[in-house]
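All residue numbers for the sequence shown refer to this note's numbering, where the first residue is 4 and numbers rise by one. Worksheet for the structure shown next.
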Amino acid sequence: MTDFANSSQWDRLLQNLGIWQGSFTRLSGSGEILEDMPTVVTLEGIDNRQTVRQTLEYFSATTKELTQRRVLEYSTLNRSILLFEDGAFSQGSLQFSPVAEFGAEFGFICGDRRLRFVQLFCPSDGKSQLSRLTLIRERLAQSTTPDRPPLTLESLLGTWQGHAITQYPDWRPPEVETTSLTLWQQGDRLHQRFTAANFELTSTAAIAPGKLLFDQGAVPIQVLLLPDGASCNTPTVIPRGRSFLLEVGWLLTPTLRQRLMRRYDAQGAWSSLTLVTETKVDSVESPNL
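Written as C-alpha cells, this is what we have:
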C-alpha cells in the first residue's frame with residue numbers, strides 16, 4: 004500500500020468515528036430473525052487520530068444489562084478492507100476456501116445513521132453454505148432518526164440510474180461508470196435488466212415472501228428483503244471454479260439507494276469492491292422491450 008493510498012483510506016475510516024447506538028440482529032440463512040441484541044459501538048480517534056479505538060458493548064435484550072465489553076485498537080488497515088469517500092466500506096475474506104468459514108462485512112453511512120451487515124458461510128457436507136447473517140442498525144447518540152421501512156418488492160420496481168465506483172485490492176486506479184437497473188414484475192416472477200458500459204445482463208427471479216430467488220442461472224442467488232430498507236444478495240452455496248459476488252443494499256429514500264458489491268474471481272480470490280449509488284427515475288413496472 005502506498006503512503007497516499009493508506010492516508011486516503013485512513014481518512015475515510017475516520018468518518019465512522021462516533022458513539023453508535025443500535026442493535027445486532029442475528030438472522031438465519033433464509034432471513035428469519037433469531038435474536039436482537041442492543042449494542043453501543045464507540046469509535047474514537049486517539050494519538051492525534053493516528054489510532055482508532057473501538058469499544059463494543061453488548062446488552063441483554065430482556066434486562067438491558069451489559070453482558071460483554073470488548074476494546075480494540077487500530078493504527079493501520081489490512082488488505083481485507085476498502086473504504087469509499089463517504090465512509091462506506093467492506094472488509095472480509097481475501098480468499099474463499101471450501102473447508103473454512105468465509106464471509107464479509109458491509110457498512111454504509113447516511114447522516115447520523117449507519118447500516119452494517121455481515122454474511123457468513125460455513126462448510127457443511129462438502130459445501131460452503133450460507134449459515135449466519137447479522138443486520139446491524141445504528142444511530143449516533145442523541146439521534147432520533149427512525150429506522151427506514153422494511154424493504155419491499157414494490158419499492159424496488161422501476162428504473163434506477165446509477166454511478167458506480169470500483170476499487171481493487173491491488174491499488175490500481177479506481178474505475179467509475181454509469182449504470183442502469185430496471186426491475187419489473189410479471190405474474191409471480193421478477194424481471195431485471197442491468198447495463199453498465201459494454202455489459203448487459205438480464206435475469207428473472209421467483210417471488211417469495213420476503214425474498215427473491217434467481218433460480219435459472221448456473222449459480223442460484225437469493226435476495227432477502229429486510230428491515231430498515233436493507234437487502235442481502237448472495238449465492239446460497241458458494242460455487243467452486245466460478246466467479247461470484249456478495250452484495251448488500253440500503254434504500255435511503257424511496258428514490259435513492261446504495262449497494263456494495265464484493266466480487267471474487269473463479270479461483271476464489273477477492274478481486275474488487277464496487278459502490279453503486281442509484282436514483283429511481285421511472286416507476287413503470289413493465290418497460291417497453
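Even glycine gets a Cβ: it sits at the ideal position worked out from N, Cα and C. Since the structure is predicted, the reported quantities are computational estimates derived from the model, not experimental observations.
{"Item": "What does the Cβ neighbour count give for residue 218, buried or exposed, with the cut at 16 atoms within 10 Å?", "Value": "exposed"}
{"Item": "Have a look at 40, 127, 65, 78 and flag the residue whose alpha-carbon is nearest the alpha-carbon of residue 16.", "Value": "78"}
{"Item": "Which whole-angstrom value describes the C-beta separation of residue 249 and residue 122, a residue pair presumed to lie in contact below a C-beta threshold of 8 Å?", "Value": "6 Å"}
{"Item": "Can you give me the C-alpha to C-alpha distance between residue 80 and residue 153, rounded to a whole angstrom?", "Value": "33 Å"}
{"Item": "Please report the straight-line C-alpha distance between residue 227 and residue 33, rounded to a whole angstrom.", "Value": "8 Å"}
{"Item": "Look up residue 3 in the DSSP assignment and give the residues it is bridged to.", "Value": "It is not possible to answer for residue 3, since the shown part of the chain is limited to 4 through 292."}
{"Item": "Looking at the unbroken beta strand (DSSP E) that takes in residue 176, where does it start and where does it end?", "Value": "Residue 176 -> no beta strand (DSSP E), and no H or E assigned at all."}
{"Item": "Helix, strand or coil, according to DSSP, for residue 41 in the structure here?", "Value": "strand"}
{"Item": "In whole angstroms, give me the CA-to-CA distance for residue 83 and residue 105.", "Value": "12 Å"}
{"Item": "To the nearest whole angstrom, what separates the beta carbons of residue 232 and residue 254, a pair I think is in contact under 8 Å?", "Value": "3 Å"}
{"Item": "Evaluate residue 221 with the Cβ neighbour count: other Cβ atoms within 10 Å of its Cβ, from every protein chain shown; 16 or more gives buried, anything less gives exposed.", "Value": "exposed"}
{"Item": "According to DSSP, residue 236 sits in a beta bridge with which residue or residues?", "Value": "226, 250"}
{"Item": "For residue 93, count neighbouring C-beta atoms within 10 Å of its own C-beta (all shown protein chains included) and say buried if the count is 16 or more, exposed if not.", "Value": "buried"}
{"Item": "For residue 168 versus residue 278, is the C-beta spacing smaller than 8 Å?", "Value": "yes"}
{"Item": "Whose CA, out of 30, 45, 46, lies closest to the CA of residue 39?", "Value": "30"}
{"Item": "Can you tell me the Cα-Cα spacing of residue 210 and residue 195, whole angstroms?", "Value": "13 Å"}
{"Item": "Do residue 97 and residue 273 have their C-beta atoms closer together than 8 Å?", "Value": "yes"}
{"Item": "Classify residue 26 as helix, strand or coil using the three-state DSSP reduction.", "Value": "strand"}
{"Item": "For residue 68, which residues of its own chain have a beta-carbon under 8 Å away from its beta-carbon, when the five flanking residues on both sides are left out?", "Value": "62"}
{"Item": "What would DSSP say about residue 52, mapped onto helix, strand or coil?", "Value": "coil"}
{"Item": "Hey, how far is the Cα of residue 73 from the Cα of residue 24?", "Value": "15 Å"}
{"Item": "For the structure I just gave you, are there three or more beta carbon pairs, one from the segment 134-147 and one from the segment 113-120, closer than 8 Å?", "Value": "yes"}
{"Item": "By DSSP's criteria, residue 205 is part of a beta bridge. Which residues make up the other side?", "Value": "196"}
{"Item": "From the DSSP secondary-structure annotation, give me the bridge partner or partners of residue 214.", "Value": "211, 227"}
{"Item": "Return the Cβ separation of residue 225 and residue 207 in integer angstroms, given the expectation that the two are a contact with Cβ distance under 8 Å.", "Value": "Actually they are not in contact, since the Cβ atoms of residue 225 and residue 207 sit about 14 Å apart, beyond 8 Å."}
{"Item": "Could you tell me the distance, in whole angstroms, from the CA atom of residue 159 to the CA atom of residue 187?", "Value": "9 Å"}
{"Item": "From which residue to which residue does the beta strand (DSSP E) around residue 75 run?", "Value": "69-77"}
{"Item": "So who's on the other strand from residue 95, going by DSSP bridges?", "Value": "107"}
{"Item": "From this set, 171, 45, 70, which residue's C-alpha is nearest residue 86's C-alpha?", "Value": "171"}
{"Item": "For residue 166, which residues from the same chain have a beta carbon less than 6 Å from its beta carbon, with the 5 sequence-adjacent residues on both sides left out?", "Value": "280"}
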